[in-house]
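Heads up, the thing below is written out as structure tokens.
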Amino acid sequence: MSREKSDTGNTVTRFAPSPSGRLHLGHAYSALFAADACGPRGRFLLRIEDIDQGRCRPEFEAGILEDLSWLGLEWETPVWRQSEHMPDYAAALDRLDREGLIFPCFCTRKHLQLEAANAVTAPHGPDGPLYPGTCRRLSRDESADRKAAGEPHALRLNMTESAKRVGALSFQDRALGEILVDATGCGDVVLARKDIATSYHLAVTLDDAAQGVTLVTRGEDLLHATHVHRVLQALLDLPVPDYHHHRLLRDGSGRRYAKRDRAGTLQALREAGRSADDVRKLVTAKP
Ligand code: GLU
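Numbering (the working numbering), first residue to last: 421 to 707.
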């Protein structure tokens, strides 16, 4: 089925980096993987994931474009920037709010750490202890009063309620096959942060649909996130793309590449005299 789809020439893939640092070899692998996965007749898109304006910088965005061009990649323009789509994220939040599926969460990081430390068996998800549900249990009046008083709050998805609403779900992964969704595995995820009126989960899900992405390729470290995205797609009546969670590229000591490792950036490799062809060979040769 996947093969048929790519053979029709309609496959749309994307590479979606955050401009919070320079690209490294791991990014090069992901970008080349996505560009390759759309096939010769498909479309390859670039999306700049810049919702966190505190960490993102224009010079890093310029660096991303420079590095990808140097690698020989071409993408459609205009480039999609998440910071330009905040009203779309707000509209989706409104809809989920009207349907009673989100709640304001006033918890501080400290409170959540204390709760987790005090719980005898705090259920854990892929990112640590699951949200304990403190603010999900607040009365409507108390929530409204605290919001009206200007208390900072995030917005969380009521996952138990959402799971009931959407029923059993699955998605197709081109490497792993059909995957049954574990809706509550990540708990009541944040859909709008205290400081940013959206979150990774919400923005990515909406953008993949709005950009017509038919095959989402991303690192296997984000497999858990796809379960959340599948629930959001069902709640918001969005199309469901195929997925391909790929392996993560590791350095000589088995560690994942990170933005802080200056030596592994494409810029550093270029300045050290490596060619784009060398980098392509490096990322395909690495196990
Ligand atoms: N922006 C995300 C990252 O840099 C990738 C988003 C995605 O592929 O879902 O890790």
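Note that beta-carbon positions come from the ideal geometry of N, C-alpha and C, so glycine has one too.
What is the residue span of the alpha helix (DSSP H) that residue i lies within?
| i | result |
| --- | --- |
| Val-651 | 643-655 |
| Glu-562 | 560-568 |
| Glu-486 | 478-490 |
| Asp-698 | 696-705 |
| Arg-680 | Element bounds for Arg-680: n/a, residue is neither H nor E. |
Rounded to a whole number of angstroms, what is the C-alpha to C-alpha distance between residue i and residue j?
| i | j | result |
| --- | --- | --- |
| Gly-674 | Gln-533 | 30 Å |
| Val-699 | Tyr-449 | 9 Å |
| His-666 | Leu-642 | 10 Å |
| Met-506 | Arg-467 | 14 Å |
| Leu-465 | Asp-508 | 19 Å |
| Thr-541 | Pro-549 | 10 Å |
| Glu-581 | Arg-501 | 32 Å |
| Ala-511 | Pro-439 | 25 Å |
| Asn-538 | Ser-563 | 24 Å |
| Leu-635 | Val-660 | 9 Å |
| Gly-607 | Arg-566 | 23 Å |
| Asp-671 | Tyr-677 | 6 Å |
| Gly-545 | Cys-555 | 19 Å |
| Thr-625 | Asp-697 | 33 Å |
| Ala-683 | Pro-478 | 21 Å |
| Glu-494 | Glu-486 | 11 Å |
| Leu-686 | Val-586 | 43 Å |
| Ala-617 | Arg-461 | 36 Å |
| Ser-426 | Asp-662 | Because the pLDDT at Ser-426 is just 43, under 50, the model does not fix this residue reliably, and the value given afterwards should be weighed accordingly. Taking the straight line joining both Cα atoms gives about 11 Å. |
| Lys-701 | Gly-459 | 19 Å |
| Gly-597 | Leu-589 | 14 Å |
| Thr-553 | Leu-652 | First, the amino acid is wrong: residue 553 is Gly here, not Thr. Using only the alpha carbons, I get a separation of about 19 Å. |
| Arg-529 | Glu-535 | 10 Å |
| Leu-513 | Glu-481 | 27 Å |
| Thr-395 | Asp-547 | Absent from the structure is residue 395, since the part of the chain shown begins at 421 and ends at 707. |
| Gly-605 | Tyr-551 | 11 Å |
| Leu-658 | Pro-524 | 24 Å |
| Glu-496 | Ser-559 | 48 Å |
| His-402 | Phe-591 | Summary: the structure shown does not reach residue 402, with the chain confined to residues 421 through 707, and so no result is reported for it. |
May I ask which residues mark the beginning and end of the beta strand (DSSP E) holding residue i?
| i | result |
| --- | --- |
| Asp-593 | 590-593 |
| Ala-451 | It is not in any beta strand (DSSP E) - Ala-451 instead sits in the alpha helix (DSSP H) that spans 445-457. |
| Ala-574 | 574-577 |
| Ile-468 | 463-468 |
| Thr-433 | 432-435 |
| Asp-662 | 662-666 |
Within 9 Å of any Cβ in chain C, is that where the Cβ of residue i sits?
| i | result |
| --- | --- |
| Glu-562 | The structure shown contains no chain C, having only a single protein chain. |
Would you decide whether residue i is buried or exposed? Buried here means 16 or more other CB atoms lie within 10 Å of its CB.
| i | result |
| --- | --- |
| Gln-473 | exposed |
| Ala-392 | One cannot answer for residue 392 here, as it falls past the ends of the chain, which runs 421 to 707. |
| Ser-619 | buried |
| Ala-569 | exposed |
| Thr-704 | exposed |
| Leu-452 | buried |
| Asp-615 | exposed |
| Pro-572 | exposed |
| Ala-623 | buried |
| Thr-646 | buried |
| Leu-441 | Reading off the sequence, residue 441 comes out as Gly, not Leu. The residue is buried, with at least 16 neighbouring Cβ atoms inside 10 Å. |
| Arg-680 | exposed |
Could you tell me if the beta carbon of residue i falls within a distance shorter than 8 Å of some heavy atom in the ligand FAD?
| i | result |
| --- | --- |
| Pro-546 | The ligand content of the structure shown is limited to the ligand GLU, which means the ligand FAD is not among them. |
Review point. Can you list the alpha helix (DSSP H) stretches of 4 or more residues lying completely in the segment 593-637, in chain order?
Key: Counting only runs of at least 4 residues, the segment 593-637 fully encloses the following alpha helix (DSSP H) elements, listed from N- to C-terminal order: 620-630.
Point to revise | Length at least 4, wholly inside the segment 501-556: the alpha helix (DSSP H) runs in chain order | key: The qualifying runs are 506-518, 529-538.
Review point. What residues does the ligand GLU have around it, judged by CB closer than 6 Å to any heavy atom, in chain order?
Key: With the criterion CB distance below 6 Å from any heavy atom of the ligand GLU, the matching residues run Ala-436, Pro-437, Ser-438, Glu-469, Val-624, Arg-638, Leu-642 along the chain.
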